[in-house]
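In UniProt numbering, the protein residues as written are 1 to 306. Glycine is no exception: its CB is placed at the ideal position from the N, C-alpha and C atoms. Nothing here was measured: the structure is a model prediction, and the numbers come from that model. The structure under discussion appears below in the form of structure tokens.
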């Protein structure tokens, strides 16, 4: 199975000590966000968990407190050019670039992907600004990753409320940016993918098949996976199930974020974090039902032929 940690929050940035404690104890619990009294318990066993996937804006806390673990790892690290007006609590981007390189040196460039997303446009953050910024970052990350993922801002209702000056990128602007960023990525030896974007971008050389699909993870772990038929909730083949994060707990404060309602909710939840508890936030109560997840490795035990 695939264990995800980053669809709802940023564990490496804010909760890495809790995560190390969970790995030491050998299990972790996650509350169902849609049925709050239902709790899933996962056994942290390398015989059944084929790869742990992280998505973070700041790998630094884990990189600087690095511990070897008996699991394959795949990291997606988001580095954008926005300032404190958009990402008020994200650390200095130069430091994040340096931490990205350190992470790549530990795991290899195939296990660490750069996310340049979401791409948004304002009076300050123009198309030319993005092209220049992408070029500068690609130079720094060349040879430290072989993949970059882009996406364009989606205006959810909470995004419109928290970031009213942001606007969606028009289809014509998406094409203009895709062509320019593809050229830069090619020059710096990076395969470029788009996350949850119109498949029309394929005509311009952008891979739209899914940035966390089976084939991506097979390349990371060097083994074939036999994944059972899954019902995908998005228009892609990404394997996003089994996530241990919690919404409204990421403290970066990005104004475009889909996972947070507001700052007050985030800080209230973060105050309930127990680094020694099985849940990321809060505690298990008598009203909760804990269900042990049936885990099975997806690895094809036959010899890999490619």
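Start-to-end residues for the beta strand (DSSP E) that takes in residue i
i, result
"residue 4", "2-4"
"residue 51", "51-56"
"residue 148", "147-152"
"residue 159", "Unbroken run through residue 159 is the alpha helix (DSSP H), 157-162; no beta strand (DSSP E)."
"residue 63", "Careful: residue 63 lies outside any beta strand (DSSP E), inside the alpha helix (DSSP H) at 60-63."
"residue 136", "Segment 127-141 is the alpha helix (DSSP H) holding residue 136; no beta strand (DSSP E) there."
"residue 193", "191-194"
Rounded C-alpha distance that separates residue i from residue j
i, j, result
"residue 260", "residue 266", "7 Å"
"residue 12", "residue 108", "18 Å"
"residue 24", "residue 208", "37 Å"
"residue 241", "residue 5", "10 Å"
"residue 73", "residue 156", "31 Å"
"residue 299", "residue 220", "13 Å"
Range of the contiguous alpha helix (DSSP H) that encloses residue i
i, result
"residue 169", "Looking at the DSSP string, residue 169 is not in any alpha helix (DSSP H), and its letter there is neither H nor E."
"residue 270", "263-270"
"residue 25", "16-25"
"residue 105", "93-107"
"residue 36", "From DSSP, residue 36 is part of no alpha helix (DSSP H); its letter is neither H nor E."
"residue 218", "214-221"
Whole-number beta carbon distance between residue j and residue i, since they are thought to touch under 8 Å
i, j, result
"residue 227", "residue 239", "7 Å"
"residue 206", "residue 184", "Going by Cβ atoms, the distance from residue 206 to residue 184 rounds to 13 Å, so no, they are not a contact pair."
"residue 81", "residue 253", "That belief does not hold up - the Cβ atoms of residue 81 and residue 253 are roughly 17 Å apart, past 8 Å."
Residue i versus the options, residue with shortest Cα-Cα distance
i, options, result
"residue 51", "58, 35, 75", "75"
"residue 44", "29, 35, 37, 33", "29"
"residue 36", "293, 302, 279, 14", "279"
"residue 294", "126, 49, 101, 132", "49"
"residue 46", "71, 32, 92", "71"
Any non-hydrogen atom of the ligand MN within 7 Å of residue i CB
i, result
"residue 98", "Ligands in the displayed structure: none, and consequently the ligand MN is not present."
For residue i, the residue or residues it bridges with in DSSP
i, result
"residue 41", "29, 292"
"residue 186", "None, per the DSSP bridge assignment."
"residue 75", "54, 112"
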